[in-house]
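Student:
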Amino acid sequence: MIDKLPEKYLENMKKLLKDNYQNYLDSFNDERVYGLRVNTLKISVEDFLKISPFKLEKISFTSDGFYYNQDERPAKHPYYYAGLYYLQEPSAMLPAEVLEIENDDIVLDGCAAPGGKSTKLASKLNNRGILISNDISASRCQGLVKNIELAGIKNYQVICEDLIDLQDKLKNSFDKILIDVPCSGEGMFRKNPELIKNWTSKSNEYYSHIQKDIIIAAVEMLKAGGQLVYSTCTFSLKENEDVIDQVLKKYPDLRILKPKIQYEGFSQGIYEHLKDCIRLYPFKIKGEGHFVCLLQKGEKQKKEEAAKYPRCDIPETLLDFFSLVDFDLTKGNFKIINDKVYFVYYNNLDLNKVRTIRSGLLVGTIKNKRFEPATSFALALNKKQFKQVVDLKVDDIRVIKYLKRETIEVNDIDYQGYVLVCVDGYSLGFGKLNNGILKNMYEANFRWQ
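Oh and the sequence shown: position 86 is 88 in this note's numbering, straight run, nothing missing.
Structural data, given as structure tokens:
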């Protein structure tokens, strides 16, 4: 693969890495590694390790990440469909890991698709505060929504905006922001050789202008005392330290924080005054490569106590169904848009002029004055939150049949009507049980692939 790398790129890397240049070239001979991150919204790391069918190795710079063997194909396991884990390149786990999330934070994931960082941020919020996941591409937002729903996240909204435009609508609005910005992708060359074809000697310059505009927009949207993570999957000095250097000069109250998590495989930022930036190289860690910088805007402010709200009213059409559900109705309210019913967490953001893809947790749809619950709502519940449960063992052939949207027989329980279908206690979706026959309500976009 090395012979496919552009000569100018190799010159840049030799200048950047100096004595480590040969180590970098040698890393192209290493086998690619694969990462799995446990979704702690649904299961603790300890409990997952007890039931995991995979051979896992801890990723040292994360709290919940593991290497797995490609041959084990975790995307073809029912636990994946239950949202117990997310598959993510190991070094890409670091940006969300270093952002210091606190209870009730208002968090923006500015370049969110396909959802790896959003799902991690949501697990750190732990159903408190609000997560706004944004991506400039409407098509990429569809995959983002699906991954968020698989993870069982409740306190989120998905929007589709250019951050440069968004900054005027949401100035000084967020406690924490993560921007994993578009870049030349130099850290992905080993994983995806096709990216090499797109690299030119002008790539770094081209992306650096976009990145500078994005980070300026992010700083404008950050509250005083708030934290911002800037990250890329490239090695370019121009796209990393030079961008940070420029934004520090523009905003004197902005400063770099040394992340609390440290690891022997981390490399410092290239410039002395930016040494607390983190560089990940494939010859020092088991991963492809990343750049991460944690910033703070001014001094940390005393946080206002979160407002307390009364329990919201359940729309009349939903009353029968919600007699089966134990769901915290003090954190948000129902919102009905074009017959779609959402549960939207309370927040003080004004998103009226923002292009919204998903207004909150999709609870279900009203059809002919009757309510039908959504798979996304099932995935946001645990077994104890629904009165009628069909809990199948992972090796039960009915699990795959259910995930393929087939009708299954359930003769060992007496329930009638809506049931929450689970695998080993973890929710998958809904069904409707009638005399031992379960009508499958699992939605097509989640089906077994």
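Glycine is no exception: its CB is placed at the ideal position from the N, C-alpha and C atoms.
Bear in mind the structure is a predicted one, so any value in this text is a computation, not a measurement.
Relative to the C-alpha of Tyr344, which candidate in Tyr23, Glu48 and Gln159 has its C-alpha closest?
Tutor: Here residue 344 is taken as the residue at index 342 of the sequence shown, counted from 1. Ranking Tyr23, Glu48 and Gln159 by Cα distance to Tyr344 puts Gln159 first.
Student: Could you give the distance in angstroms between the alpha-carbon of Tyr83 and the alpha-carbon of Tyr36?
Tutor: Counting from 1 along the sequence shown, the entry for residue 83 is found at position 81. Counting from 1 along the sequence shown, the entry for residue 36 is found at position 34. Their Cα atoms are separated by approximately 18 angstroms.
Student: At 3 residues or longer, and completely inside the segment 195–240: list those beta strand (DSSP E) runs for me, N to C.
Tutor: Correct list: 224–234.
Student: Throw me the rounded Cβ distance for the Arg39 and Tyr70 pair, which I believe falls under 8 angstroms.
Tutor: Against the sequence shown, residue 39 aligns to sequence position 37. Against the sequence shown, residue 70 aligns to sequence position 68. Not quite, the Cβ-Cβ distance comes to about 11 angstroms (not below 8 angstroms), so this is no contact.
Student: How big is the Cα-Cα spacing for Glu13 and Lys199?
Tutor: For this step, residue 13 is matched to residue 11 along the sequence shown. For this step, residue 199 is matched to residue 197 along the sequence shown. Straight-line Cα distance between these residues: approximately 17 angstroms.
Student: Measuring alpha carbon to alpha carbon, tell me which of Tyr347, Ser175 and Lys122 ends up nearest Arg313.
Tutor: The sequence position of residue 313 within the sequence shown is 311, counting from 1. Arg313 has its Cα closest to that of Tyr347, out of Tyr347, Ser175 and Lys122.
Student: Enumerated in chain order, which unbroken segments of the beta strand (DSSP E) with a length of 3 residues or greater are wholly contained in the segment 338–367?
Tutor: Fully enclosed beta strand (DSSP E) runs of 3 or longer: 342–347 and 358–360.
Student: Have a look at Leu256 and Lys337 and give me their C-alpha separation to the nearest angstrom.
Tutor: One-based indexing of the sequence shown puts residue 256 at position 254. One-based indexing of the sequence shown puts residue 337 at position 335. So the alpha carbons of these two residues sit roughly 38 angstroms apart.
Student: Going by DSSP in three states, His270 sits in which element: helix, strand or coil?
Tutor: Working through the sequence shown from its first residue, we reach residue 270 at position 268. At residue 270 the sequence reads Gln, which differs from the His that was named. Gln270: strand per DSSP, three-state reduction.
Student: What is the rounded straight-line gap between the Cα of Asp414 and the Cα of Phe379?
Tutor: Here residue 414 refers to the residue found at position 412 of the sequence shown. Here residue 379 refers to the residue found at position 377 of the sequence shown. If I take the Cα positions, the gap works out to 25 angstroms.
Student: Any idea if Gly419 is buried or exposed, counting beta-carbon neighbours within 10 angstroms, 16 or more meaning buried?
Tutor: The residue given as residue 419 occupies position 417 in the sequence shown. It counts as exposed.
Student: Pair every Cβ in the segment 59–70 with every Cβ in the segment 216–226, then say whether three or more of these pairs are closer than 8 angstroms.
Tutor: Taking 8 angstroms as the limit for Cβ pairs, the verdict is that the segment 216–226 does not touch the segment 59–70.
Student: Under 8 angstroms, do Glu163 and Asn129 count as touching if we go by C-beta distance?
Tutor: Translated into positions along the sequence shown, residue 163 becomes position 161. Translated into positions along the sequence shown, residue 129 becomes position 127. Against a cut-off of 8 angstroms, the Cβ pair of Asn129 and Glu163 comes out as no contact.
Student: Go ahead and pull the three-state DSSP assignment for Gly118.
Tutor: Counting from one through the sequence shown, the residue named residue 118 turns up at place 116. Reduced to three states, the DSSP call for Gly118 is helix.
Student: Our contact map puts Lys119 next to Leu180 with C-beta atoms below 8 angstroms; I'd like the distance itself, whole angstroms only.
Tutor: Position 117 of the sequence shown holds residue 119. Position 178 of the sequence shown holds residue 180. The Cβ separation is near 6 angstroms, so the contact holds.
Student: Tell me, please, whether the segment 40–53 touches the segment 266–274 by the rule of three or more beta-carbon pairs shorter than 8 angstroms.
Tutor: Output reads no: the segment 266–274 does not touch the segment 40–53.
Student: DSSP puts Gly112 in a beta bridge; with which residues?
Tutor: Position 110 of the sequence shown, counted from the start, is the residue given in the question as residue 112. Gly112 is not bridged to any residue.
Student: Taking its Cβ as the centre, do 16 or more other Cβ atoms sit within 10 Å of Pro92, making it buried, or is it exposed?
Tutor: To locate residue 92, count along the sequence shown from 1; it is residue 90. Buried.
Student: Any idea what DSSP makes of Ile138, helix, strand or coil?
Tutor: The sequence position of residue 138 within the sequence shown is 136, counting from 1. Coil at Ile138, not helix or strand.
Student: From Pro97, Leu19 and Ile134, pick the residue whose C-alpha is nearest to that of Asp107; which is it?
Tutor: By one-based count along the sequence shown, residue 107 stands at place 105. Out of Pro97, Leu19 and Ile134, Ile134 has the C-alpha closest to the C-alpha of Asp107.
Student: Hey, would you say Tyr209 sits closer than 8 angstroms to Cys185, going by beta carbons?
Tutor: In the sequence shown, residue 209 corresponds to position 207, counting from 1. In the sequence shown, residue 185 corresponds to position 183, counting from 1. In this structure, Cys185 lies closer than 8 angstroms to Tyr209 by Cβ.
Student: Output the residue ranges of the alpha helix (DSSP H) runs that lie fully inside the segment 282–324 and measure 4 residues or longer, sorted by chain position.
Tutor: Complete alpha helix (DSSP H) runs here, min 4: 321–324.
Student: Short of 8 angstroms in beta carbon distance, which residues of its chain neighbour Ser139, apart from the five on each side in sequence? Order them along the chain.
Tutor: Here residue 139 refers to the residue found at position 137 when the sequence shown is read from its first residue. So the list reads Ala115 and Cys162, once near-sequence residues are dropped.
Student: Cβ of Gly189 within 8 angstroms of Cβ of Thr236?
Tutor: Here residue 189 is taken as the residue at index 187 of the sequence shown, counted from 1. Here residue 236 is taken as the residue at index 234 of the sequence shown, counted from 1. Closer than 8 angstroms, so yes.
Student: Grouping DSSP H, G and I as helix and E and B as strand, with all else coil, what is Gly189?
Tutor: Sequence index remark: in the sequence shown, residue 189 carries index 187 (1-based). The answer is helix: DSSP assigns Gly189 an H, G or I state.
Student: Rounding to the nearest angstrom, what Cα-Cα distance links Leu96 and Ile246 in this structure?
Tutor: As a first step, residue 96 is located in the sequence shown; it is residue number 94 there, counting from the start. As a first step, residue 246 is located in the sequence shown; it is residue number 244 there, counting from the start. So the alpha carbons of these two residues sit roughly 18 angstroms apart.
Student: Quick check: what's the CA-CA separation for Phe56 versus Gly289?
Tutor: Taking the first residue of the sequence shown as 1, we reach residue 56 at position 54. Taking the first residue of the sequence shown as 1, we reach residue 289 at position 287. The alpha-carbon atoms of Phe56 and Gly289 are separated by roughly 19 angstroms.
Student: Are there three or more Cβ pairs, one per stretch, closer than 8 angstroms when the segment 72–80 is compared with the segment 4–19?
Tutor: Because the criterion of three Cβ pairs below 8 angstroms is not met, the segment 72–80 and the segment 4–19 do not touch.
Student: Three-state secondary structure (DSSP) at Ile263?
Tutor: Along the sequence shown, one-based indexing puts residue 263 at 261. Correct three-state label for Ile263: coil.
Student: Spatial neighbours of Tyr404 within its chain, please: CB distance less than 7 angstroms, with the 5 preceding and 5 following residues excluded, ordered by chain position.
Tutor: Residue mapping note: residue 404 aligns to position 402 of the sequence shown, counting from 1. The answer, listed in chain order, is Ile410, Val423, Leu430, Asn442 and Tyr444.
Student: State the CB to CB distance for the pair Lys240 and Asn194, rounded to an integer number of angstroms; the pair is presumed to be in contact (CB under 8 angstroms).
Tutor: Stepping through the sequence shown from its first residue, residue 240 is reached at position 238. Stepping through the sequence shown from its first residue, residue 194 is reached at position 192. Incorrect: roughly 21 angstroms between the Cβ atoms, too far for contact.
Student: Could you tell me the alpha carbon to alpha carbon distance between Lys304 and Leu296, rounded to whole angstroms?
Tutor: In the sequence shown, counting from the first residue as 1, residue 304 sits at position 302. In the sequence shown, counting from the first residue as 1, residue 296 sits at position 294. So the alpha carbons of these two residues sit roughly 20 angstroms apart.
Student: Helix, strand or coil, according to DSSP, for Ile402 in the structure here?
Tutor: Counting from 1 along the sequence shown, the entry for residue 402 is found at position 400. If DSSP states are grouped into helix, strand and coil, Ile402 belongs with the helices.
Student: Can you tell me whether Ala382 is buried or exposed, with buried defined as 16 or more other CB within 10 angstroms of its CB?
Tutor: The residue you call residue 382 lines up with position 380 of the sequence shown. When all chains shown are included, Ala382 counts as buried.
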